[in-house]
Amino acid sequence: MKVISPAIFYQTIGNHYKNEICHLNWDKNRTWTLLFAVILSAQCTDKKVNEVTTHLFLDFPDLEHFIIKPIEELEQAIKPTGFYHNKSKSLKKCAKQLLLTFEGKVPDTMENLISLSGVGRKTANVILWNIFGKNEGFVVDTHISRISQRVGLSKNKTPEKIEQDLMKLFPKPLWGPISHMLIQFGRDFCKAPIPICSKCFLKKICPKIGVRKWK
Ligand code: SF4
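Residues in the sequence shown are numbered consecutively from 5, following the numbering used here.
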C-alpha cells in the first residue's frame, strides 16, 4: 500500500501549523505545574484540566501543600479530570519525590523524569520539550497514534513502538515541534472516530489506512 513520504508530510503539515505548543496552562516560575497538569490530562481534555488547575494551583500553591493536605481534599479538587483516586496518589507521591530527591525542581532528563510517580515517556517528552527545549522523543498520545497509522508512518499499535518508528523517520530537532503539530492536527482534522478528510490538506496524498468512514 502507498504510504505518505515523511518529508512531504512534514512540509505539508508544517505549512499549516507553526510554533504549536502544549495548550495546558502552567506557571514558568513553578515548572512542576506543567508536570502536574500533564499528569491530570490523562483521559481528559486540556480545556477541563485548565479549568481545574486554575483553582488547584491557588489552593495548592507549592509542592508542600500536596504532601500536607489530606488526600480527600486533593481528590475533590481534581475530580472533574476523572480517575481522581489514582491521579491524587500520583500527585502526592510525585510532590514528595520532587522535594526529597530533586530539591523541589523538575528534573531535565528522561531517566529521572520517568522515575517519578505518574510519569511515563509521553509525559516526560512533553516536559523535556516545553520546559527545557530538549528533543528526546515523540509525545505519542491518542492523536499521534491514530494519525501515524492512518497516513502510514507506522504499522505498530503501541505508543512505544510508534515512537521508535517516528524517531527513525524524522530528524531529532523536529521531534518536539512535530509532536505538537500532530496533536493539533488530530483535534482539527484527523479526528477519532471519523476524520474530516474532505477538508484535510493531506487528502490528495493520504492513503487513509484503516479509515472506513470519513466526512
Ligand atoms: S486525509 Fe483523512 S485520514 Fe488522511 S490525514 Fe487527513 S483527515 Fe486523516
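Glycine is no exception: its CB is placed at the ideal position from the N, C-alpha and C atoms.
For N19, the enclosing alpha helix (DSSP H) has its first and last residue at P10 to H20. With a cutoff of 8 Å on beta-carbon distance, I187 and I148 are scored as near each other. Of the heavy atoms belonging to the ligand SF4, at least one sits nearer than 7 Å to the Cβ of L206. Counting C-beta pairs with one atom in each stretch, the segment 83 to 94 and the segment 40 to 48 have three or more that are closer than 8 Å, which means they touch. Within the segment 149 to 198, the runs of alpha helix (DSSP H) at least 4 residues long that lie entirely inside it are, in chain order, 163 to 173 and 179 to 192. Note that the segment 79 to 90 touches the segment 51 to 60; at least 3 beta-carbon pairs, one per stretch, sit closer than 8 Å.
For R125, the three-state secondary structure derived from DSSP is helix.
Under DSSP, D31 shares a beta bridge with R34. Here the C-alpha atom of P65 lies approximately 15 Å from the C-alpha atom of L102. Put simply, the segment 110 to 126 does not touch the segment 169 to 182. Fewer than three CB pairs are less than 8 Å apart. The nearest non-hydrogen atom of the ligand SF4 is less than 7 Å from the C-beta of R154.
DSSP, reduced to helix, strand and coil, places N90 within a helical segment of the structure shown. Not one heavy atom of the ligand SF4 sits closer than 7 Å to the Cβ of I25. Around the Cβ of N139, a 10 Å sphere holds 16 or more other Cβ atoms; the residue is buried. Taking C-beta separations shorter than 8 Å and ignoring five residues to either side along the sequence, the partners of V215 in its chain run R154, P199 and C201, following chain order. Y88 is positioned such that its CB atom lies closer than 8 Å to that of E79. For the pair P211 and G156, the CB atoms are nearer than the 8 Å cut-off.
In the three-state scheme derived from DSSP, where H, G and I count as helix and E and B as strand, Q47 is classed as coil. When DSSP states are grouped into helix, strand and coil, L120 belongs to the coil group. Listed in chain order, the non-local C-beta contacts of F205 below 7 Å within the same chain comprise T16 and H20, local neighbours out to five positions each way being set aside.
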